[in-house]
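What follows is a set of notes on a single structure, which appears directly below.
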Amino acid sequence: MRLSRSLAPVTVALALVLTLPYDALPHARASAGKPPAPSRFGASCRTTVQGSHVVTYCHNPYVDTDRVRLHIECARWWDIDTDSVPVDAGPAMTVRLTGRCWKEIGSVWVSHQKAR
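Encoded structure:
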């Protein structure tokens, strides 16, 4: 008699869990809270520096258009740093960016922005 009374709450709890919809279960809530996978974006760029001249080729293998821009920091304090005009690299498109300093190049980088 005692054994059947202790099984009654367990049986009721099991019946309730089995009748719950899938979304109400704990594992369904945990997976629903995850953010979606990030979309692939961004052109890959190859930069060449020869003396005071910089040439960069950026290829965009993805669907979204990438607005790329070349930034050049010159080594000399009196030399003017430059930023190129933004260029849209569409899907499967390669663009060429160029720039220069009067003397030596200090550093070069390319910025990426998603075009709307």
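Residues -24 to -1, 1 to 92 (mature numbering (1 follows the signal peptide of the UniProt record, and there is no 0)) make up the sequence shown, in order.
Quick reminder that beta carbons are idealized off the backbone N, C-alpha and C, glycines included.
Would you kindly report the start and end of the unbroken beta strand (DSSP E) that includes residue i?
i     : result
Tyr33 : His29 to Asn36
Ile81 : Ile81 to Lys90
Cys21 : Ser20 to Gln26
How is residue i classed by DSSP in three states: helix, strand or coil?
i        : result
Thr(-14) : helix
Ser15    : coil
Asp40    : coil
Asp64    : strand
Asp59    : strand
Arg76    : strand
Under a Cβ-count criterion, where at least 16 other Cβ atoms within 10 Å of its own Cβ denotes burial, should residue i be classed as buried or exposed?
i     : result
Ala4  : Here the model assigns Ala4 a pLDDT of 49, short of 50, so the residue's position is not dependable, and the following value carries that caveat. Ala4 is exposed by the Cβ-count criterion.
Gly27 : exposed
Ala65 : buried
Using CA atoms only, rank isn't needed, just tell me which of the options is closest to residue i.
i     : options                       : result
Arg92 : Gly75, Glu80, Arg43 and Arg52 : Arg43
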